[in-house]
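These notes are about the structure you will find just below.
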Amino acid sequence: MQDLKQSAFIAFWFMLLTFPIMVIRVNTIEKVVQWRWMNLLTVGFGAFILSYLWRFLMLRKETKVASVKVTWNQKLMSEKRYYLPFAATVLVLTSALPFFVSDYRVNILITAMIYVVLGLGLNIVVGLAGLLDLGYVAFYLVGAYSYALLNHHYGLNFWLALPLGALLGAVAGILLGIPVLRLRGDYLAIVTLGFGEILRLIMENWNAFSFGPSGIANIDRPGIIGIEMTRTQSTLFMYYLMIALAIFTIFVVNRLQDSRLGRSWLALREDEVACQAMGIDKMKTKLAAFALGATWAGMMGVIFAAKTQFINPMSFTFLESAIILSIVVLGGMGSILGVILGAFIFILLPEELRAFSQYRMLIFGASMVLMMVFRPQGIISNVRRSYEYHESP
Amino acid sequence: MDYFFELFLGGLTRGSIYALIALGYTMVYGIIELINFAHGEIYMIGAFTALIVASLLTMAGFKGLAVLALSMVVAVIYAGAYGFTVEKIAYKPLRQASRLSPLISAIGMSIFLQNYVLLAQTSDFLPFPSLIPKFGFMAPYEPIFSSSELVIVSVTATVMVLLTCLIKFTRMGKAMRATAQDRKMAMLAGININRVISTTFVIGSCLAAVGGVLIASHIGQINFYIGFIAGIKAFTAAVLGGIGSVPGAVLGSLVLGWTESFVTGYISSDYEDVFAFLLLVLILIFRPEGILGKSRAQKV
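If you read the sequences in order, they're chains A and B. Per numbering that gives the first Met the number 0, residue 0 is the first one in the first sequence, and the count goes up by one each step. Per numbering that gives the first Met the number 0, residue 0 is the first one in the second sequence, and the count goes up by one each step.
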């Protein structure tokens, strides 16, 4: 009874709240008012049902005891006899996939894999080192524009641009990192956001250099010398290239995590002061995280420019940074498997939801909120090493 | 010199609007250390609500100041209600969570609200009636400083004084300051934290709505996306002045407004945003606590 009353109240509140925006639509030019009362009923009914769901989930979240049991994904990731066959199966499946789906789908899969790598790169900065970077897209922009411009003016080859993009990304990371890394927490977030916006705005307005909002077209796709490729073949080629790059990234990030540097990132994330006391050079460690994160972004920028063959500043807005960050956080900060899953869900699901295309950003926003409220550790939580003390018998 | 003066006044108006939004950011940040990304959206919703109410009233035959006052009141109430609800849904369950979770939740909320208005209303720019009447005594100055600019500046100044009084002299203000200093300790002293935080959100949202209505009426058009840019600019202003400080937010907003105005006037309007962010980056690098912010010693 109590629940019913509360839900009824919530439904009433939301009907009241959404009344002007959901119900009334005024056409100021023709002076016509459109009253959409059905929307009001929908909101009321929806709020009523959702409030029950909300309470149920809240109750479950509160009563759930923190368990230390080893979950399936931890087992999968940490024991060789599980993850080797698992990785092999995934590899075979993904390699075979392009033969069963259309070109269009393959293109989307390439995009998804670009985001996997971007997510893993940002994961170094945010997940491991705990530095909140809201302008990650800036490094992506650096990579994309450096390839696009060099290709446009000097016909630079893709294979040269790929390492160059990575290098320039890293340089940009260090150049930005030196002045801003002394800032703490949210300030760092805002400065990186500002930096990302500055780069995008410059690209948008400096017509002589970057061709402004109209962007750069006809960027070369990667090829092999002496072989002419059709459109389908070159897409296929990009797909396999991306698989290779994704595997390379996963390998490197995984190794980094367990390295001396990776350990110091984790330590820095947990407690800066204690970390310094242990003799870790704070600045160097942070810079390394920034530069290594930016490297992947720069590299993916080159891939992105080559894939779409056209770039303009609109591809590098703050929303892009927000999406990459969401992939990392929703997937599970610090967890490689989580970031990969997150990227696929984020990129593929909206594509599959084309039928609801109007609603997908709405659903996207709502799921970000709900995910944070009910499962803040992400889809797959990070495998944290823990040591237990056992009394010797 | 006249040109300089014109730009100066233009910057003052801009800064006043930023200040109305920046205050919400700074208050929320001061209390729960959260960058409320959805704040710009509240400002946008305020402007939309005002547009709807004003159009209805105009069609019903109301005129002039009555329309402005009524639509302003409704917009402020609704924005407050939205602010309250957003806090309850997206931030309150995350009080104990790590720093990143509320931030992501805020970004999600911002995307949600934008698309909610986009779907329920329209994606086009809507013309906004100029609700602020032209005063007779302002006629000679109109080309440099219009009546609506005068209203914007004076409303902002009034709101600022009221807010300062609220924070300095009332019980609620005292509770707010206590909560900002040390949430746990304030709780032990018998302050209802949830109510203080809710009030902060509501006040901030109301101020944003005032800003939304005034600027929409001044510029003459709105769409669902205006909140995002305004939000980022206002946040920049809040950080510039020293986040968490009320006079800081106002000063930061004015500095930002003048910077943009002069850059637009003397260099090029293409680069006003670049300079705004550049200013932010430079200030944060050389004075991370902002112009008026106090640097707090880090506790170990």
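Just so you know, even glycine gets a beta-carbon here, dropped at the ideal spot from N, CA and C.
Asked                                                                                                                          : Found
Cross-chain neighbours of A/R54 in chain B, by beta carbon under 8 Å                                                           : Per Cβ cutoff of 8 Å: no residues; A/R54 is ~12 Å from chain B at best.
Cβ-based neighbour list, B/S300, same chain, cut-off 6 Å, excluding 5 preceding and 5 following                                : This structure leaves residue 300 of chain B out entirely; chain B is present only between 0 and 299.
Beta-carbon proximity list for B/G172, same chain, < 7 Å, skipping 5 on both sides                                             : L165 and I166
Opposing strand residues paired with A/L398 [DSSP bridges]                                                                     : Coverage of chain A is limited to positions 0 through 392, which leaves residue 398 of chain A absent and any answer about it impossible.
Touching by the beta-carbon criterion (3+ pairs, under 8 Å), the stretch 269–285 of chain B and the stretch 224–244 of chain B : yes
Sequence-distant residues of the same chain with beta carbon closer than 8 Å to A/I177, five excluded per side                 : L286
Between the CA atoms of A/M370 and A/P162 - distance to the nearest angstrom                                                   : 37 Å
As assigned by DSSP and simplified to three states, the class of B/P128                                                        : coil
Chain B residues whose Cβ lies nearer than 7 Å to that of A/L361                                                               : F111, N114, Y115 and L118
Element boundaries [beta strand (DSSP E), containing B/R176]                                                                   : Segment R170 to Q180 is the alpha helix (DSSP H) holding B/R176; no beta strand (DSSP E) there.
As assigned by DSSP and simplified to three states, the class of A/W34                                                         : strand
Run of the beta strand (DSSP E) containing A/I23, from where it starts to where it stops                                       : I23 to N26
Beta-carbon contacts of A/G337 that lie in its chain and below 6 Å, excluding the five residues immediately before and after   : G330, G331, G377, I378 and I379
Segment limits, alpha helix (DSSP H) that includes B/H217                                                                      : I192 to I218
CB-CB length for B/A53 against B/S70, believed under 8 Å                                                                       : 4 Å
Chain B within 9 Å of A/V372, Cβ atoms only                                                                                    : yes
A/I223, DSSP secondary structure in three states                                                                               : coil
Within chain A, the residues that B/F47 reaches when beta carbons sit closer than 9 Å                                          : P19 and I20
At least three beta-carbon pairs within less than 8 Å, the stretch 133–143 of chain A to the stretch 192–209 of chain A        : yes
Given 8 Å, three or more beta-carbon pairs between the stretch 122–129 of chain A and the stretch 287–302 of chain A           : yes
Residues bridged to A/I310 (per DSSP)                                                                                          : A/I215
For A/I279, the three-state DSSP class (helix, strand or coil)                                                                 : coil
C-beta atoms of A/M202 and A/S209 nearer than 9 Å                                                                              : yes
Short Cβ contact (9 Å threshold) for A/G168 with A/G142                                                                        : yes
7 Å Cβ cut-off: residues of chain B touching A/L58                                                                             : Neighbours of A/L58 on chain B: none; closest Cβ ~12 Å, over 7 Å.
Paired residues, beta bridge with B/I221 - DSSP                                                                                : B/L125
Partner residues on chain B for A/A207, Cβ-Cβ distance less than 9 Å                                                           : Near A/A207 there are no residues of chain B at all, since even the closest Cβ is about 12 Å away, more than 9 Å.
A/G45 versus A/I9: straight-line alpha-carbon distance, rounded                                                                : 10 Å
Straight-line gap, B/L206 to B/G23 (C-alpha atoms, nearest Å)                                                                  : 7 Å
Residue environment, B/V280, which counts as buried when at least 16 other CB atoms sit within 10 Å                            : buried
Pick from A/I322, A/R353, A/R80 and A/P349 that is closest to B/G107, judged by C-alpha positions                              : A/I322
Integer Cβ distance of A/V42 from A/F85, believed to fall under 8 Å                                                            : About 44 Å separates the two Cβ atoms, so there is no contact after all.
Candidates A/M367, A/K306 and A/F250, of which the one nearest A/G120 by Cα                                                    : A/F250
Cβ pair count under 8 Å reaching 3, the stretch 32–47 of chain B against the stretch 74–81 of chain B                          : yes
Chain-ordered neighbours of A/L174 on chain B, where CB pairs are closer than 9 Å                                              : None at all; the shortest Cβ gap to chain B is about 12 Å.
is_contact[B/Y270, chain E] using C-beta, thresh 9 Å                                                                           : Absent from the structure is chain E; the protein chains it does hold are A and B.
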